[in-house]
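Peer 1: Residue numbers (our numbering), protein chains in the order written: chain P, 1 to 358; chain Y, 359 to 716; chain X, 717 to 1074; chain C, 1075 to 1432; chain S, 1433 to 1790.
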Ligand SMILES: [Mg+2]
Ligand SMILES: [Mg+2]
Ligand SMILES: [Mg+2]
Ligand SMILES: [Mg+2]
Ligand SMILES: [Mg+2]
Ligand SMILES: [Mg+2]
Ligand SMILES: [Mg+2]
Ligand SMILES: [Mg+2]
Ligand SMILES: [Mg+2]
Ligand SMILES: [Mg+2]
Ligand SMILES: [Mg+2]
Ligand SMILES: [Mg+2]
Ligand SMILES: [Mg+2]
Ligand SMILES: [Mg+2]
Ligand SMILES: [Mg+2]
Ligand SMILES: [Mg+2]
Ligand SMILES: [Mg+2]
Ligand SMILES: [Mg+2]
Ligand SMILES: [Mg+2]
Ligand SMILES: [Mg+2]
Ligand SMILES: [Mg+2]
Ligand SMILES: [Mg+2]
Ligand SMILES: [Mg+2]
Ligand SMILES: [Mg+2]
Ligand SMILES: [Mg+2]
Ligand SMILES: [Mg+2]
Ligand SMILES: [Mg+2]
Ligand SMILES: [Mg+2]
Ligand SMILES: [Mg+2]
Ligand SMILES: [Mg+2]
Ligand SMILES: [Mg+2]
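1. Label residue 1410 of chain C either buried or exposed according to how many other C-beta atoms from any shown protein chain fall within 10 Å of its C-beta, with 16 as the threshold for buried.
2. Thinking just about the alpha-carbon of each residue, which of S:1742, S:1653, S:1521, S:1590 is nearest to the one in residue 738 of chain X?
3. Using DSSP's beta-bridge definition, name the partner residues of residue 50 of chain P.
4. Sort S:1603, S:1538, S:1621, S:1630 by Cα distance to residue 1557 of chain S and report the nearest one.
5. With 9 Å as the limit, tell me which residues of the segment 1183 to 1211 of chain C have their beta carbon closer than that to any beta carbon of chain Y; keep them in chain order.
6. Would residue 1141 of chain C and residue 1118 of chain C qualify as a contact pair, given that the criterion is a beta-carbon distance under 8 Å?
7. Between which residues of its own chain and residue 1637 of chain S is the CB-CB distance below 7 Å, once the five residues before and five after are set aside?
8. In chain order, what residues of the same chain lie with their CB nearer than 7 Å to the CB of residue 869 of chain X, ignoring the 5 residues before and after it?
9. Would a C-beta distance cut-off of 8 Å place residue 435 of chain Y and residue 504 of chain Y closer than the cut-off?
10. Any C-beta of chain P sitting closer than 8 Å to the C-beta of residue 594 of chain Y?
11. Can you find a CB in chain X that lies within less than 8 Å of the CB of residue 352 of chain P?
12. Determine the contact status of residue 247 of chain P and residue 57 of chain P, defining contact as a CB-CB distance below 8 Å.
13. Please state the DSSP three-state secondary structure of residue 680 of chain Y.
14. Consider the Cβ of residue 1731 of chain S: report whether some Cβ of chain X lies at a distance smaller than 8 Å.
15. Is it true that the segment 642 to 656 of chain Y meets the segment 287 to 305 of chain P, where meeting means three or more beta-carbon pairs spaced less than 8 Å apart?
16. Please list the residues of the segment 1316 to 1331 of chain C that have a C-beta atom closer than 9 Å to any C-beta atom in chain S, keeping them in chain order.
17. Any chance the segment 1691 to 1700 of chain S sits against the segment 1326 to 1343 of chain C, with 3 or more Cβ pairs inside 8 Å?
18. I'd like to know whether the C-beta of residue 1745 of chain S is nearer than 8 Å to at least one C-beta of chain X.
19. The segment 1292 to 1309 of chain C: which residues have C-beta closer than 9 Å to a C-beta of chain Y, in chain order?
20. Run through DSSP, which three-state label would residue 114 of chain P get?
21. Starting from residue 1001 of chain X, find everything on chain S with Cβ-Cβ shorter than 7 Å and list it in chain order.
22. Write down every uninterrupted run of the alpha helix (DSSP H) in the segment 1141 to 1201 of chain C whose length is 4 residues or greater and which is fully enclosed by it, in chain order.
23. Are any of the Cβ atoms in chain P nearer than 8 Å to that of residue 923 of chain X?
24. Give the secondary structure of residue 386 of chain Y by DSSP, where H, G and I count as helix, E and B as strand, and everything else as coil.
25. Less than 7 Å between C-beta atoms, sequence neighbours within five positions excluded: which residues of the same chain meet that for residue 532 of chain Y?
26. Could you name each continuous alpha helix (DSSP H) segment of 4 residues or more that falls completely within the segment 854 to 916 of chain X, going from the start of the chain to the end?
27. Suppose contacts are defined by Cβ-Cβ distances below 8 Å. Is residue 308 of chain P in contact with residue 1042 of chain X by that definition?
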């Protein structure tokens, strides 16, 4: 029942890098096999207006408003090219968007910023992390997001925009850009917390009743912590660059928000590093726990064997058919035999007690 | 009896980050469940005056005096907002105060400094560290402290203020700010010392009589040292920044005090790092100690078995009912049998002695 | 069957550094024994022309065209010297080209750039990495490449040049220089991916059925990951220098391409580092898996022995020939014997069940 | 006999930090319990004069001469205060002198330099390091040294001063300051060398005859190396600062001497780090050595058991009283029995030989 | 036979630092005991002249020629002082030359450069590294070299000078200085290669037939790699300083040579680091290999015991003399007995096969 979710996941590994034999800058999808339809959404708003439509309507883009274009699916190259030509995106950037094995990074182009980030959500059923690459592009009036597939962690942001909760409707696209990144980071906290709880349970399991697959679970934890680490370390760097580079696209009052996001990254990193150490310690506890059990079994065997082996030898002697064994003529021979057995038995028992083996 | 305090603590893990789905800057409590009343205290003093009242009396704030407002409990958002608006605190800062899973840090705002710090006290009964997040705000005339709950390590400071011990009454709010941080650091020393003593005991236990849970205790120690490390490393950074940034809020003659606090941080860090190494070494000692015990038991088993197995075989032979066994006709057959047994016994004993297995 | 490819390869270790006793700058081949003929190829192109010939035709070099001279085999010192004198290459550089144990590096000379790089291809049959040192020299109009032997990963580039695929025909020699490096990096991805898959299989093998050579396979993986690491770490540095040094030989529009290559290096480095950690974890899983199996066997032995040893002793007693054993006169003695055996048997079984050893 | 010196020392841990509840800058002794009298010594010299007196005679301080005041014992606060007021020392500095759990450090005050350093001498009898904190204060004309107790490593310096050996009498107080530090560093070399020799012996012991406490000895070594490391790493930093800060108190011609001391620090650090690695390797050797011994014992048990178990069964069969056992009627049954035993015996022996278990 | 060369060498540890109680700058020999005669050699050359004499002839020093003075043996302080006064060498430098436990370093004095370096040659017979400290002093016209004893790796350089091979005769003393360092570095390659081959053999030995001393060999390898590391790391630093400091003593055209030497240092460092990792992995392979062997032995014991223990019990029963055992009256009792034995035997065998223990 518990077994299946212990198999180490492989789905994150793309089957083949089909673009290896392509010229650089060729836009070709690299990632898990996907054939589904690409869906998209256009959300336009300012302090007074709001509209939300399915599909990408690039012609509705208006200045002095926030234009959010969201694409779910980057395996359809045509859409990438359409958006790329509208916003004059570099062809190497489009290649990066289509390659979902990317490392998180920030790139500053004259009039837009490109942010690659890993959206991670915790799958409690399989104790796995679902990872999706999100590419965000910030221009003066628009935010364009590319996801690998439908479903994301941005529902609360859509809700805040629609219902004017918080300050989001009164500020510009850089704040939306921040809010999306912030929401992704917030979900890292949830993933880290879940791994922490699993770690606690595993520690208890190993202490109370070590299982054959306990260390495999620890190995799986290690992989998940590595996965988080590979998502969050470069993100910290990215946000640090967003803070340092003085891009006109990010207003100065948004800086405090990115500083806050930066703090959160460090907090997650420290927790991940702690968990890695605790996880590594499980191995020692496991070996200790298993060897303790082994020792107890060995002790019983030793004691049983050590006590009965000489007794059995004694019984063997008086089962011999040799002639003229004097003990055969003794009157209380049988009683003496039992007395001898008792003496041997209690001497050995005492010896083991004295050695503290019992 | 000893068992309960070996369970690894979990209380520091907040149940859920309820602010995940809130807009950034929303002040919402994140931490252990707390519902109790929030208590507070206002201490006002200068060289000649002193007053101490329960409750927050922001209207009594006077220039050229030190005004210390202390709040025990950050789950009551209303109080945070009241103080925040009086001192014009940034809403992201208030969010940080209410989030007690914060990493220690210093933030410089124009006319105030924010210091987040972990107050740690050692709980001898459960061999645990009680941790409480303290937020300090230093303005020109006031220090505001926010704690998670009632009880702290500041009693000696209150006493020094009330009874004019030391120089505290003659100096400004920056010195109070320092004195509070200093007192927290002093208690780190106590925690480190206690862990060191526990480490000594554990080392002895493992050498003399390794227990099933010895390595679990080491794992618990590791967690405690990690906890201290996560409190003290960022604090060192913070104090370093307090020394480097030339804020007008901190007078130059207070610098020597912060330098002293900085030295203490490094001293604690080095001790913690040493203890981590010593703690890691316990594992090897444990395995060695356990395998030594195991080996001794195995030796006894081996010697008993190896000696009696051939003897028992010999006895078995003369218990056979086969016809015409020549030994059956020998006169001193039984004596010869015992001589043979003796020869086998002492040969094997000699062999083991020679092999140094005995 | 699987065994042979587990032997750790040694062929990468040159037999002897014959140049140790030579004056510095003496060009002498250092590497695997090679005696075969050196082959070469000259490809010349611009937007409108294309020619490809076997052999090196240095006299055909023309300005304002891209001239690619490729040499397969650096053990023929004469060819090195001929090219060296044509392009005025430093004699220490020629020594480096002939020494195939070189570390990847970039060197800037006034009018040419020297890039040493390791070309790696994955050999699936032996689970090995085939490594070949490639030296690239970029001048204003030419790229000269030196390989150790025939065969490379540049076929797709030759194809792109011949068939004008991509932008390669319309740009200068710096782009060809980049394209060759890019193709080598692309093949690192393939190698890393294959090692990742092998790692997954090994993890399964260790969990399900640990083999004698499982850890040897892990050790071999470790060596391969080390090999990749030694190729890719210095390459990252190299590309970083290519980006920073503002050489006139590399046009500014090619910078974006090198930045992309740089990103790929970091991506490979991170994957390699992750795999190294996962690989290291296999050892713990192995020990756990093996000790689990051992424990199960020990338990069976313990239980069999512990149960039958007292029973055998009992049977031994009633095989004795001592006189006046009262049990011999009892009517249902044999039945009582079996009842006693049953009681002992089930008591011990219950004891083991209670101890959770069964 | 060997046992006592293996107990890990605890005396370096102060019983309680009594100054925790004191205001900062309160001078209170922190260290091992000490109640003895404080002794002191005043040595005054220049190229032509020399005087040496017991006790501190601050009034005899003369310019253009070197005045060395040495205090053995810092638990007498009165003396600290007397000297402190004479030389106008900062009260936080006096607090540091009285706190012997200090980390080595250098502090530059306008007209004096404070150097805290650990004086370490090797105690061969207990294989321990005796550590004493020495505080040095360098002023233009004086060097003041504070030790924890009587006895130091400065005898050769006193001798050189008294007998005008070397250049010490012809130079100023900065050279005395250097000479004292140099002598302390020289004794680190002795300690490191002794630990190295102990390491060699331990390596031999573990290989030839691993003991129960062998790994405890390695753990003790680890603690000693950690202790040295905590003394020498900050000292290197200190000397580096002495070289970099261009204090008027240290003449330029003394720089070469401090550079030499700096080199020695690095040399000690490298040796300590090497020894730490070698020490860590002892653990593997120990486990290997112990498991080798265990294996040999197991082999004997296995062979004895495996050979005699079937033989004993055979003997058991012909001890049965079942009717009509055909072998009972055979003429040479007993000879056949021995032949069968021989066949079994030699077959199994051959099997073990073939398996290379014998 | 193999055994002796596994003993860990100790000869590199000097018996006592006799200079500990000397004033700084006192020239006193620190190193292995040496009493032999000090030999020396003077080689003078320029493009047209060459002379070579035994002994040091400082008066023959001529400008515009390269003067190489080589001293074998630094335990004769008189020679050091004679050369020191001729070239005005600092007394701390002379102290360093006489102290052969020095760390490699470069020191720039106004008109000469001091280079300390470890000359290492591989001793194949004992699988040891012979290490000798070489001090080089470069002045405008001369190179002075101090070795610990007779014999070095400079024969090929003497040969090149004598026979005008390479460019050495046409260039100045800085090139000789380089050539000597280069030759020492070249011999590091040989040492590293030999350790690599030993590592391969050891890996095979551990896999095929792990020995008691296999891990000791790995420990010895570790020590040798540490020794190399301590020689090469500071040397890389040194050469880097030679390149950066713009000393007039080193001509600009020699820079390319030092850059080449620097590359070689890095190459050696990387190989050493790889070997350290591979060497560390041997431990896991060893434990795995040994536990595999142990498991196989345990399995045989388990199977033999588990099968024969119940059979022996069965035989014991029918050897009892209890009255009225019904089986005694059965006609084919003996045949039934053998059938029962067969059933037990094959059931257990089947069970073990099913469990995959056989
Ligand atoms: Mg490509
Ligand atoms: Mg890319
Ligand atoms: Mg999605
Ligand atoms: Mg957030
Ligand atoms: Mg937890
Ligand atoms: Mg903030
Ligand atoms: Mg939020
Ligand atoms: Mg925050
Ligand atoms: Mg509190
Ligand atoms: Mg303090
Ligand atoms: Mg302690
Ligand atoms: Mg201080
Ligand atoms: Mg050479
Ligand atoms: Mg080279
Ligand atoms: Mg090739
Ligand atoms: Mg590419
Ligand atoms: Mg994988
Ligand atoms: Mg790019
Ligand atoms: Mg074991
Ligand atoms: Mg205090
Ligand atoms: Mg202090
Ligand atoms: Mg003293
Ligand atoms: Mg010295
Ligand atoms: Mg040694
Ligand atoms: Mg020096
Ligand atoms: Mg000295
Ligand atoms: Mg020196
Ligand atoms: Mg020599
Ligand atoms: Mg060379
Ligand atoms: Mg090799
Ligand atoms: Mg070069």
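Note that the Cβ used here is the ideal one computed from N, Cα and C, for glycine as well. Quantities reported herein were computed from a predicted structural model and do not represent experimental measurements.
Peer 2: In short, the structure shows the following:
1. Taking the first residue of the fourth chain as 1, we reach residue 1410 of chain C at position 336. It counts as exposed.
2. Counted from its first residue, the third chain places residue 738 of chain X at position 22. Residue S:1590 is the option with its Cα nearest to residue 738 of chain X.
3. If you number the first chain from 1, residue 50 of chain P lands on position 50. Partner(s): P:45.
4. The sequence position of residue 1557 of chain S within the fifth chain is 125, counting from 1. Nearest C-alpha to residue 1557 of chain S among S:1603, S:1538, S:1621, S:1630: S:1630.
5. none
6. Taking the fourth chain and counting its residues from 1, one reaches residue 1141 of chain C at position 67. Taking the fourth chain and counting its residues from 1, one reaches residue 1118 of chain C at position 44. For residue 1141 of chain C and residue 1118 of chain C, yes; Cβs fall inside 8 Å.
7. Stepping through the fifth chain from its first residue, residue 1637 of chain S is reached at position 205. For residue 1637 of chain S, where only same-chain residues beyond five positions count, the Cβ hits under 7 Å are 1643, 1646.
8. Numbered from its first residue, the third chain carries residue 869 of chain X at position 153. The residues are 835, 837, 899, 900, 903.
9. Locating residue 435 of chain Y in the second chain gives position 77, counting from the first residue. Locating residue 504 of chain Y in the second chain gives position 146, counting from the first residue. No, the pair does not count as a contact, with Cβ atoms beyond the cut-off.
10. On the second chain, residue 594 of chain Y is found 236 positions in, with the first residue counted as 1. Judged by the 8 Å Cβ criterion, residue 594 of chain Y is not in contact with chain P.
11. As a first step, residue 352 of chain P is located in the first chain; it is residue number 352 there, counting from the start. By this cut-off, residue 352 of chain P is not an interface position.
12. If you number the first chain from 1, residue 247 of chain P lands on position 247. If you number the first chain from 1, residue 57 of chain P lands on position 57. Cβ distance not < 8 Å, so residue 247 of chain P and residue 57 of chain P don't count as in contact.
13. Within the second chain, residue 680 of chain Y is the residue found at index 322, counting from 1. Looking at residue 680 of chain Y - three-state DSSP - the assignment turns out to be coil, as it is neither helix nor strand.
14. Working through the fifth chain from its first residue, we reach residue 1731 of chain S at position 299. It does; some Cβ of chain X falls within 8 Å.
15. yes
16. 1330, 1331
17. no
18. Indexing the fifth chain from 1 puts residue 1745 of chain S at position 313. Cβ-Cβ to chain X under 8 Å: yes for residue 1745 of chain S.
19. 1292, 1293, 1296, 1297, 1300, 1301, 1303, 1304, 1307, 1308
20. For the purposes of this step, residue 114 of chain P is taken as residue 114 along the first chain, with counting starting at 1. Residue 114 of chain P falls in the strand class under three-state DSSP.
21. Here residue 1001 of chain X refers to the residue found at position 285 of the third chain. Going along chain S, no residue has its Cβ under 7 Å from residue 1001 of chain X, so there is no contact; the nearest lies around 12 Å.
22. 1151 to 1161, 1165 to 1172
23. Position 207 of the third chain holds residue 923 of chain X. Taking Cβ atoms only, chain P reaches closer than 8 Å to residue 923 of chain X, which makes this a yes.
24. Your numbering for residue 386 of chain Y matches position 28 in the second chain. Looking at residue 386 of chain Y - three-state DSSP - the assignment turns out to be coil, as it is neither helix nor strand.
25. Numbered from its first residue, the second chain carries residue 532 of chain Y at position 174. So the list reads 496, 607, 608, 609, 612, once near-sequence residues are dropped.
26. 871 to 878
27. Residue 308 of chain P sits at position 308 when you count from the first residue of the first chain. Residue 1042 of chain X sits at position 326 when you count from the first residue of the third chain. It is not a contact, given that the beta carbons lie outside the stated cut-off.
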